[in-house]
């Protein structure tokens, strides 16, 4: 591999790009709001040009929603079990733009099915770089939290939980709007929420209780957001058996603290994994699997 | 009781008013969009005038969100166990407007709490009019589905489930927006949803599966709304043990069909109750408990 490349994590609302040298080290990076939702079809070629002005006139390898039907070109999912070799074989080349789009991964098991775009690079990159073992359970929270299991460095299982999105919807619209603007952090209210949400089969009722509790002055209004977040994250994490489980957590800041609290409260252990390093490692290790 | 009165079910988005004679019969009625959300504080007196122009210059007894903090005057909740006598004793009189606001009912049990405004009149009216027994389980679906249990003609238990609101939020915003516009009716897709949602402790995952299933062509796009509705209603109904239970269902049209299908699928029996007749009976039977 003679050259550096530009690795782009091209998401829905943000874009993060890195100059990755031939040895896998990162020499420069940038981030902006030019996510897929902000782009029309003919914005991508100029968007690549601005990347190259900033980071160098280099080939681009992009992963994430850019390969979805809402992105630039659809890169069809690679079905699980999927490893970096499979991603490399099916990556979408756009030669006249010197760009490659990494496909997402789909997973089907009986009646269940799930998909991801972008997380596969972080997960397989973490394994390839030794940031996690070849058999591991990953948790990548966000608007849509993804639980991803690997076996022998292959993605074998995926579950997506709409945790962050449900919180955002309830906060912005409907009967709880205006009640969920308080601070969300680990603490008593958050932990009470975890206890209520974990393993509960009545999430629709647990969420309305937030309103009733505030109206009846049984919960301080400033605690409602943390409690509701606990219910949702408790429901998310608590749907899995955490006893004795090690979770490789791809998260930063508040989300990392919240999910760590939930996982540990419910009997699990957290191994933090730097999501940026994992992504860069994923693109770097993918290069060896791309057709020349 | 010498006179007729105007009974008003004053909700968030709609208002339904009835002229109720001294013997409890209904001689006239109207309905419009002058719900609480459309009203400012000084709109209520003129709104009462239009009711009287239409239905007669009569006293008004109003129940529903008009007595909430977002309505005209706050009528503090009556705590469960609550019967018509308790509602009558604490009803809020606005004498210069010849109006009475019926209080809602609150319920507290250990760490759990719930509230209602308007449904108490329907439930206690159904019992008073013999449309349901004194010991009964009621289900009143809508944006917020309410499960209400009575014992000896008293409301003793309430659970509110955000079923309709969750569906509306997911349909209008976020990742499932655009996927849930298909027809919602009982059928194969709806019943598959019930099976997935009932008793499930991973609602946040079950909802995302809708997206994955459509993207991977494992569910026809036109079936996604019915399936998602089944998941939510299945989660709602299935959080309760329906085996051998009789549910007095205060619902019409599609919601009645959907909840009937879910309750029967999960082992329960449905006794339909006409919500309008129940409401009118509730206001009528309440009159005997109002201070002269």
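Protein chains in written order, with my numbering: chain A, 1 to 292; chain B, 1001 to 1292. Virtual Cβ for every residue (Gly too), placed ideally from N, Cα, C.
- Judged by DSSP in its simplified three-state form, residue 1019 of chain B adopts strand.
- With respect to the C-alpha of residue 107 of chain A, the residue from A:63, A:88, A:154 and A:22 having the closest C-alpha is A:154.
- Looking only at B:1080, B:1086 and B:1044, the smallest Cα-Cα distance to residue 1071 of chain B is reached by B:1044.
- Here the alpha carbon of residue 1058 of chain B sits roughly 6 Å from the alpha carbon of residue 1006 of chain B.
- Residue 1159 of chain B reaches chain A at 205, counting residues in chain order whose Cβ is nearer than 7 Å.
- About 34 Å separates the Cβ atoms of residue 1248 of chain B and residue 1097 of chain B, ruling out a contact at the 8 Å cut-off.
- Runs of the beta strand (DSSP E) lying entirely within the stretch 1154–1225 of chain B, each at least 3 residues long, are 1154–1161 in chain order.
- Of the candidates B:1257, B:1284, B:1281 and B:1087, the residue whose Cα lies closest to the Cα of residue 1271 of chain B is B:1257.
- In the same chain as residue 137 of chain A, and ignoring 5 residues on each side of it, the C-beta atoms closer than 6 Å to its own belong to 149 and 247, in chain order.
- Selection A:240, A:38 and A:190 evaluated against residue 14 of chain A yields A:38 as nearest (Cα-Cα).
- Burial state of residue 1222 of chain B is exposed, judged by a 10 Å Cβ sphere holding fewer than 16 other Cβ atoms.
- Counted as a single uninterrupted DSSP element, the stretch harbouring residue 1031 of chain B is not any alpha helix (DSSP H) but the beta strand (DSSP E) occupying residues 1026–1032.
- One alpha carbon belongs to residue 1109 of chain B, the other to residue 1146 of chain B, and they sit about 16 Å apart.
- Around the beta carbon of residue 1265 of chain B, 16 or more other beta carbons lie within 10 angstroms, which makes this residue buried.
- Taking 7 Å as the CB threshold, residue 215 of chain A lines the interface with chain B.
- Distance from the CA atom of residue 67 of chain A to the CA atom of residue 87 of chain A, rounded to whole angstroms, is 13 Å.
- Under the three-state reduction of DSSP output, residue 87 of chain A falls in the helix class.
- Taking a 10 Å sphere around the C-beta of residue 76 of chain A, we find fewer than 16 other C-beta atoms and assign the residue as exposed.
- Non-local C-beta neighbours of residue 1082 of chain B in its own chain, meaning closer than 7 Å and more than five positions away in sequence, comprise 1105, 1120, 1154 and 1155, ordered along the chain.
- Excluding sequence positions up to five before and after residue 1151 of chain B, its CB lies within less than 6 Å of the CB of 1135, all in the same chain and listed in chain order.
- Annotated three-state conformation of residue 136 of chain A is strand, per DSSP.
- Residue environment for residue 241 of chain A: exposed (fewer than 16 other C-beta atoms within 10 angstroms of its C-beta).
- Residue 1235 of chain B counts as buried, since no fewer than 16 other beta carbons sit within 10 angstroms of its beta carbon.
- A distance below 7 Å separates the beta carbons of residue 1179 of chain B and residue 1224 of chain B.
- Per DSSP, the unbroken beta strand (DSSP E) holding residue 1150 of chain B starts and ends at 1145–1151.
- For residue 283 of chain A, the enclosing alpha helix (DSSP H) has its first and last residue at 275–286.
- For residue 1123 of chain B, the uninterrupted alpha helix (DSSP H) segment begins and ends at 1119–1128.
- Residue 1235 of chain B sits in a helix when the DSSP states are folded into three classes.
- At least one CB atom of chain B sits nearer than 7 Å to the CB of residue 163 of chain A.
- Looking at the DSSP output, residue 1271 of chain B shares a beta bridge with B:1248.
- By the rule that beta-carbons nearer than 7 Å mark a contact, residue 1229 of chain B does not touch chain A.
- Following the DSSP letters along the chain, one finds residue 1263 of chain B inside the alpha helix (DSSP H) bounded by residues 1253–1265.
- If you draw a straight line from the Cα of residue 1273 of chain B to the Cα of residue 1250 of chain B, it comes to about 5 Å.
- Between the alpha carbons of residue 1011 of chain B and residue 1017 of chain B lies a gap of roughly 11 Å.
- For residue 45 of chain A, there is no enclosing beta strand (DSSP E); the enclosing alpha helix (DSSP H) has its first and last residue at 44–55.
- Assigned with DSSP and collapsed to three states, residue 242 of chain A falls in coil, not helix or strand.
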